[in-house]
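Engineer:
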Amino acid sequence: MGDGRGGESAKVAMAEKLVVKNLNAYFHKNRALHDVSLSFEQDRIAAIIGPSGCGKSTLVRCLNRMHEVVPGATATGEVLLDGNNIYADGVDPVQVRRRIGMVFQKPTPFPTMSIEDNVAAGLTLNGVQISHAERHEVIERSLRQAALWEEVKDRLRRPGGSLSGGQQQRLCVARALAVQPEVLLMDEPCSALDPISTARIEELLLELKSAYTIVIVTHNMQQAARCSDMTAFMYTGDLVEYGETKQIFTNPTRRETEDYITGRFG
Amino acid sequence: MADSIPAVRHERARAPVQVRLFGDRIFNTATFILALSILALLFGLAVALIADSFPAIRAFGLHFFISADWDPVNEQYGALPFIYGTFVSSFIALALAVPLSLGVALCLSEMAPDWLSHRLGFLVDLLAAIPSVVYGLWAVFVMGPWIRDHVEPPLAHWFGWLPLFQGPKVAVGMLSAGIILAIMIIPYISSVCTDVFRVVPHTQREAALALGATKWEMVKTAVIPYGMTGVIGAIILGLGRALGETIAVAMVIGNSAQISASLFKPAATLASVIANEFAEATSDLYVAALIELGLVLLILGIVLNVVARALVLVVQQRRYRETGK
Ligand SMILES: Nc1ncnc2c1ncn2[C@@H]1O[C@H](COP(=O)(O)OP(=O)(O)OP(=O)(O)O)[C@@H](O)[C@H]1O
Ligand SMILES: [Mg+2]
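Going down the list, the protein sequences come from chains H and P. Using the numbering used here, read the first sequence as starting at 36 and increasing by one per residue. Using the numbering used here, read the second sequence as starting at 218 and increasing by one per residue.
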């Protein structure tokens, strides 16, 4: 495997994998993001926190051009992936999404597709030619990474829709991992999970850190503090503060950040 | 906990339990009776058909279904040419209509912008409201000659080695009937499929797109599988229409009680022969034979619906095949 990854980009110690410059996102006339600029670094985990409706999902969806899929949704500004603007003219969003994987806030397995086909869906779509054994290997590895293998190994041919909500979410994590994207965007991947699965996903994030650039949206302060290197705090569409997680949680420079983290609002 | 419950328990908010149960019982009984009356209607229809066709049933027995000899002059009646004609014309109709309807439905639900999609969808629905006799007229005067001049010659030229496309090219025949049926059922199938595809959740489409699917791949992975049972239902609806369609078919099929391999040849269906010959049926046996054809059509419709149900079940079951373990 590993053919899906850009060989050079994985090796070059280019610190900034994904750079966001003056990003504005709109739903029709409503602006959901105001001039957001920040950068996500290779081999690091960035957490995005903020109260509900502040634009966290919108921001991550802009990073792989999923925002524009919503009717009436538009974005302006730049997002540089390895220095290339994914919003430049002539860039095919399909190619962007193959390099930047995503797990949605709500589980979205293909309900009629079997569990194993769900995991391999991205491989099938990307036309990856692999042997049966390799395919099975990818399925098992991805499901193990997503902490789902033990629960489904005896029923891989059952439909994805037959799993519980939390299992479905882990299935979606496995599906995103199977294609080994360069960047992994996770929108509250743990909101439907029990503490054990959550801990397993967090372990996974730390494991994957050395090979991926990870952006995770979370409502869980402890989670952000535990597993992220960088933290962004957003409020009503603005990026209020972005910095080292330790600094954000111990010594935030902005008053709003401190209030939010200490639970005084939000 | 305990003291939060009385807060919502207003004494007058609801009728006493007994009254509510009584209402429930009335409702249950009423719906049960209505459901039964449907069954009774179907049963009564079958009984009437059997009673009226009894002379033919007694005269020909099972031979009625395997005899290809329909000869009113000599009082010989066999249903096979019509059963054959019904199946073949409906099959042609489905073979043409299903791919086209899926195309229309996907175009309306996936490609066209909202404002256009709803206007076009309305037009498609309008097509379903055109009376069949109008379709029939159009088929006789416009479509039939056009098929004779522009469709049958190339078919004969390229596929003439198949028995299907041999023989003289005429405006009325099995092919014309199949094509007009296809045109008539496209609005039904595509309208239902459009609705089916429209209710596929946006999140399913996004899931496919986020994996790097193109639009067509998204349709293939997320939209069609999600709507599969609905699509099957739509096809069955179309087939039901095609099997029973009478006037338009009677106008273009040529009305000839023969079984021929060639699709260019005139033929007849169960419905079309009843419509064409009922008025001139003079003898009791003739009338009984025609009514028995109606009985066959009814049975065909029931069998079709049962098969369709089974098919939908199989599709659903295939998804749960391994559940038993
Ligand atoms: N499909 C949509 N159409 C119109 N407005 C939308 C849509 N999705 C989101 N918005 C608006 O954009 C803003 C940001 O929403 P977003 O989903 O990014 O919030 P969020 O930070 O992810 O919230 P949560 O924590 O509840 O998931 C909100 O004000 C919301 O009302
Ligand atoms: Mg969100």
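Built from N, CA and C at the ideal position, the CB exists for glycine as well. Note that this is a predicted model, so its numbers are computed, not measured.
Taking the alpha-carbon of H:T147 as reference, which of H:R193, H:N119, H:A155 and H:L160 has the nearest alpha-carbon?
Structural biologist: It is H:R193.
Engineer: Using a Cβ distance threshold of 8 angstroms, determine whether the stretch 243-261 of chain H contacts the stretch 69-81 of chain H, with at least three qualifying pairs required.
Structural biologist: Three or more beta-carbon pairs separated by less than 8 angstroms link the stretch 243-261 of chain H to the stretch 69-81 of chain H, which places the two stretches in contact.
Engineer: Inspect the beta-carbon positions of P:V524 and P:L487 and report whether they are closer than 9 angstroms.
Structural biologist: Going by C-beta atoms, P:V524 is not nearer than 9 angstroms to P:L487.
Engineer: Any chance you could list the beta strand (DSSP E) runs of at least 3 consecutive residues sitting entirely within the stretch 56-137 of chain H, in chain order?
Structural biologist: DSSP runs (the beta strand (DSSP E)) wholly in the stretch 56-137 of chain H: 65-76, 80-84 and 108-116.
Engineer: Tell me which residues share the same chain as P:L510 and place their Cβ nearer than 8 angstroms to its Cβ, disregarding the 5 neighbours each side in the sequence.
Structural biologist: A296, F299, L487, V490 and I491
Engineer: Ends of the alpha helix (DSSP H) at P:M401?
Structural biologist: M391 to R415
Engineer: Closer than 7 angstroms, Cβ to any Cβ of chain H: which residues of the stretch 411-444 of chain P, in chain order?
Structural biologist: T420, Q421, E423, A424, L426, A427, L428, G429, A430, T431, E434, T438, A439, P442 and Y443
Engineer: Could you check where the beta strand (DSSP E) with P:V548 kicks off and where it finishes?
Structural biologist: Past the edges of chain P, shown from 218 to 542, lies residue 548 of chain P, and the structure says nothing about it.
Engineer: Output, in chain order, the set of chain P residues within a Cβ distance shorter than 7 angstroms of H:K141.
Structural biologist: T420
Engineer: Would you say H:A30 lies against chain P (beta-carbon separation less than 9 angstroms)?
Structural biologist: Because chain H is modelled from 36 through 301, residue 30 of chain H falls outside the range shown and cannot be assessed.
Engineer: Quick check on DSSP: helix, strand or coil for H:M269?
Structural biologist: strand
Engineer: If you measure from the beta carbon of H:G130 to each beta carbon in chain P, is any gap under 9 angstroms?
Structural biologist: The question names Gly, but residue 130 of chain H in the sequence shown is Gln. True, the Cβ-Cβ gap to chain P drops below 9 angstroms.
Engineer: For the stretch 172-197 of chain H, which segments carrying the alpha helix (DSSP H) assignment without a break, of at least 4 residues, lie completely within its bounds, in sequence order?
Structural biologist: 184-187
Engineer: Any heavy atom of ligand 2 closer than 8 angstroms to the CB of H:Q140?
Structural biologist: For H:Q140, the CB falls within less than 8 angstroms of some heavy atom of ligand 2.
Engineer: Taking just the CA atoms, how far does P:A505 sit from P:F271?
Structural biologist: 7 angstroms
Engineer: Which residue's Cα is closest to the Cα of H:V8: P:A424, P:V448 and P:G353?
Structural biologist: A question about residue 8 of chain H goes unanswered here, because the residues of chain H that appear run from 36 up to 301.
Engineer: Buried or exposed: which applies to H:G298, given that a residue is buried once 16 or more other Cβ atoms fall within 10 Å of its Cβ?
Structural biologist: Flag for H:G298 reads exposed.
Engineer: Pop quiz: P:I400 and P:I452 are said to be a contact at Cβ under 8 angstroms. What is the actual Cβ separation, rounded to whole angstroms?
Structural biologist: 16 angstroms between Cβ atoms; not a contact.
Engineer: On the premise that H:N99 lies in contact with H:I150, defined as a C-beta separation below 8 angstroms, what is that separation, rounded to the nearest angstrom?
Structural biologist: At roughly 24 angstroms, the Cβ-Cβ gap does not stay under 8 angstroms, so H:I150 and H:N99 are not in contact.
Engineer: Can you tell me which of P:P289, P:I402 and P:P404 puts its alpha carbon nearest to the alpha carbon of P:F495?
Structural biologist: P:P289
Engineer: Using 9 angstroms as the threshold, is the C-beta distance between P:G384 and P:S479 below it?
Structural biologist: Yes. Within cutoff.
Engineer: Please state the DSSP three-state secondary structure of P:D288.
Structural biologist: strand
Engineer: Can you tell me which of H:A60, H:R96, H:S87 and H:H63 puts its alpha carbon nearest to the alpha carbon of H:L220?
Structural biologist: H:R96
Engineer: Check the Cβ of H:R205 against every Cβ in chain P and list those closer than 9 angstroms, keeping chain order.
Structural biologist: Near H:R205 there are no residues of chain P at all, since even the closest Cβ is about 15 angstroms away, more than 9 angstroms.
Engineer: Between the Cα of P:W363 and those of P:S477, P:R237, P:Q475 and P:V469, spot the shortest distance and give me the residue it belongs to.
Structural biologist: Closest by alpha carbon: P:V469.
Engineer: Could you compute how far the alpha carbon of H:A234 sits from the alpha carbon of P:R237?
Structural biologist: 50 angstroms
Engineer: CB-CB under 6 angstroms to P:D286, same chain, minus the five flanking residues each way: which ones, in chain order?
Structural biologist: Q293 and G295
Engineer: Any chance you could list the alpha helix (DSSP H) runs of at least 4 consecutive residues sitting entirely within the stretch 282-330 of chain P, in chain order?
Structural biologist: 297-323
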